[in-house]
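**Student:** Dumping the structure here so I can ask a few things about it.
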Amino acid sequence: MIVVLCIISLLSVALGCYQEFIPPCSCRSFNSLTLEITCKDATDIEQLQVSLHKFQNSPIRTLYIINSSLQYLPSTIFSSFNIERLHFVNCTFNALTDSDVAFVGLEKSLKNLTVEESTIYSGWNWKHLKKLTGLMEIRTVKAGLDEIDWDIADISLLNLLSLQLMQDSISYIDDWAFARFKALKVFSLKNNLIPEVKRSMFPDPATNLIQINLSQNKIEELPLDIFTNMPNLVSILLAENSIVTIDMKTFAPVWSQLYKIDLLDNPLRCDCRLKWLMDRKFPENTRAECREPLKLNGTRIIKLHPDDLWC
């Protein structure tokens, strides 16, 4: 037992994980191969840099910066680090960085960037992230976003596989916002204030896109061409919007390839406009219920009969 404890201790030291930490950061080994660093309540950037210094050149699986308030993160703060996942939770910054490019040194190692319940007072500047060529996923939750303008194209060459901008106040999206994100597989704008989307917002063709999540928005109808040229799309999530019908011209191009369709909590009117569905196989995971007419209220659409559908 003593030998095992010694080996674990030696591994921790080799990885740069010590028993005594310099606040505000602490460390634990992850699978005895990489580190997980957590920095809490940071308000002094110099103190944060000193605390992080001991972990330089160690493989870091995840760095969490939590409950912190800083002027900015110096562009070179991670210049000697190898970090795979970077998470900001409940943080405030006057600006993300002090130069045109953030997170110098993480260009190849950083795969995931998550910003949750955090505020950048100067606003989001997507070009700060444009050098992160290894980045595969960006995920924001309550990050102070209220619009997606044309400048998001500054990160379109990163080959992102997942872009999730959720639980915010986004009400405006540029007509071509995501058109150049060719590698995108998972796309989510869940829980925002979006009133409409356009086909031009997505790549054409969108050969890699497998999931679109627009749940909990303000969408009343979808363009007839919204899902065209999306040959690998298998999941469409539109719950809690204001959609009243499942239009054949809109959904027919992808209906047979879908695994999941979620239209729960929409004011669906189950009338003759849904008769086209009676001759089709429903996706394996279909979530949708009639709101009107009254006699069909609460009926799952997979239980409908052609005789139920009148205009």
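The sequence shown finishes on residue 337 if you use this note's numbering, and the numbering steps up by one all the way, no holes.
Backbone N, C-alpha and C define an ideal beta-carbon position, used for all residues, glycine too.
All figures in this text were calculated on a predicted structure; none of them were measured in a lab.
Pull up the distance between the alpha-carbon of T312 and that of I287, whole angstroms please.
**Tutor:** Whole-angstrom Cα-Cα distance: 5 Å.
**Student:** DSSP three-state call for H113: helix, strand or coil?
**Tutor:** Correct three-state label for H113: strand.
**Student:** Give the straight-line distance between the Cα atoms of C337 and D297, rounded to the nearest whole angstrom.
**Tutor:** If you take the alpha carbons of C337 and D297, they lie about 6 Å apart.
**Student:** Check each candidate in H154, D251, T166 and name the one with the smallest Cα separation from S188.
**Tutor:** It is T166.
**Student:** Would S195 and D172 be called neighbours here (beta carbons separated by less than 8 Å)?
**Tutor:** Contact flag set, yes.
**Student:** Under DSSP, the beta strand (DSSP E) around F56 begins and ends at which residues?
**Tutor:** Here the beta strand (DSSP E) through F56 covers 51–56.
**Student:** Pull up the distance between the alpha-carbon of N239 and that of P50, whole angstroms please.
**Tutor:** In a straight line, the C-alpha of N239 is about 37 Å away from that of P50.
**Student:** Near D334, what residues of its chain come up, given a Cβ to Cβ distance below 7 Å and the 5 sequence neighbours on each side ignored?
**Tutor:** Same-chain partners within the cutoff: C296, L322.
**Student:** Whole angstroms are fine: how far does the CA of P293 sit from the CA of R225?
**Tutor:** About 23 Å.
**Student:** So Q193 and V212 are in contact, right, with Cβ under 8 Å, and what is the actual spacing, rounded?
**Tutor:** Not really, about 16 Å apart at Cβ, beyond 8 Å.
**Student:** Within this structure, are the beta carbons of E310 and T325 separated by less than 8 Å?
**Tutor:** No, the pair does not count as a contact, with Cβ atoms beyond the cut-off.
**Student:** Can you give me the start and stop residues for the alpha helix (DSSP H) that S105 sits inside?
**Tutor:** Careful: S105 lies outside any alpha helix (DSSP H) and carries neither H nor E.
**Student:** With distances taken from CA atoms, which of W150, F308, H79 is nearest V260?
**Tutor:** Looking at the Cα atoms, F308 is the closest of the given residues.
**Student:** Just tell me which of L303, Y98, T60, F47 has its CA closest to the CA of E72.
**Tutor:** Comparing Cα positions, the closest option is Y98.
**Student:** Could you compute how far the alpha carbon of N267 sits from the alpha carbon of R299?
**Tutor:** Each residue's alpha carbon lies about 19 Å from the other.
**Student:** Taking a contact to mean a Cβ-Cβ separation below 8 Å, would you say M304 touches P332 in this structure?
**Tutor:** Yes, they are a contact pair.
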